[in-house]
Ligand code: SF4
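See below:
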């Protein structure tokens, strides 16, 4: 039987990695941001395209979930009607901490062109938003960039801390 001994010290290749607990936890969290699908209107088509083969969200560890209890980030893509606002809030409350929200497109940000009695004039009137994506509709690249910004933000913070909500973009 062939015998091969690896001399790690001689090869300057010791199989040990040193890091802090914060970095390790943040690394895990930031690379597994499961997204709760919340497609409400045309912006949702761009969100769906982000998960398809051309843009491939899975590369970032961002996998779309259909349950708030398995989700880390809620992507609100589209027009939020007042009739629907109650459900947005309820699903947000069912997500475990830590959680983040991306408001995708002008309608989710401000109500967009729908300045009517039936439309919520910005989803941040119901839930705290971390990142706002401008545009009608934002491209999949924009959504991917938002997730990368969110990853950087998570990596820059302490892993365990009391949640303080603030706007990133
Ligand atoms: S911002 Fe534009 S693309 Fe997005 S939901 Fe509103 S009208 Fe549709």
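In the working numbering, the protein residues as written are 41 to 209. Beta carbons: idealized from backbone N, C-alpha and C, even for Gly. No experiment lies behind these values; they were computed from the predicted model shown.
Quickly, what does DSSP pair residue i with across the bridge? List them, please.
{"i": "residue 119", "result": "In DSSP, residue 119 forms no bridge with anything."}
{"i": "residue 105", "result": "76"}
{"i": "residue 172", "result": "143"}
{"i": "residue 159", "result": "121"}
Taking Cβ positions, are residue i and residue j nearer each other than 8 Å?
{"i": "residue 187", "j": "residue 73", "result": "yes"}
{"i": "residue 147", "j": "residue 81", "result": "yes"}
{"i": "residue 90", "j": "residue 180", "result": "yes"}
{"i": "residue 76", "j": "residue 108", "result": "yes"}
{"i": "residue 167", "j": "residue 160", "result": "no"}
{"i": "residue 86", "j": "residue 183", "result": "yes"}
{"i": "residue 142", "j": "residue 170", "result": "yes"}
{"i": "residue 119", "j": "residue 152", "result": "yes"}
{"i": "residue 66", "j": "residue 195", "result": "yes"}
So, helix, strand or coil for residue i, using DSSP?
{"i": "residue 59", "result": "coil"}
{"i": "residue 76", "result": "strand"}
{"i": "residue 141", "result": "strand"}
{"i": "residue 194", "result": "helix"}
{"i": "residue 153", "result": "coil"}
{"i": "residue 85", "result": "helix"}
{"i": "residue 114", "result": "strand"}
{"i": "residue 185", "result": "helix"}
{"i": "residue 148", "result": "helix"}
{"i": "residue 179", "result": "coil"}
{"i": "residue 44", "result": "coil"}
{"i": "residue 132", "result": "helix"}
{"i": "residue 164", "result": "helix"}
{"i": "residue 96", "result": "coil"}
Measure from the alpha carbon of residue i to the alpha carbon of each residue in the options, then state which is nearest.
{"i": "residue 124", "options": "44, 184 and 79", "result": "79"}
{"i": "residue 122", "options": "99, 163, 92 and 67", "result": "163"}
{"i": "residue 137", "options": "199, 171, 127 and 58", "result": "199"}
{"i": "residue 113", "options": "120, 126, 99 and 133", "result": "133"}
{"i": "residue 178", "options": "155, 43, 93 and 117", "result": "117"}
Quick one, what's near ligand 1 if you take every residue whose CB is closer than 6 Å to any heavy atom, in chain order? Shown in chain order are the residues whose CB sits closer than 6 Å to a heavy atom of ligand 1: 81, 82, 83, 118, 119, 145, 146, 147, 152, 176 and 177.
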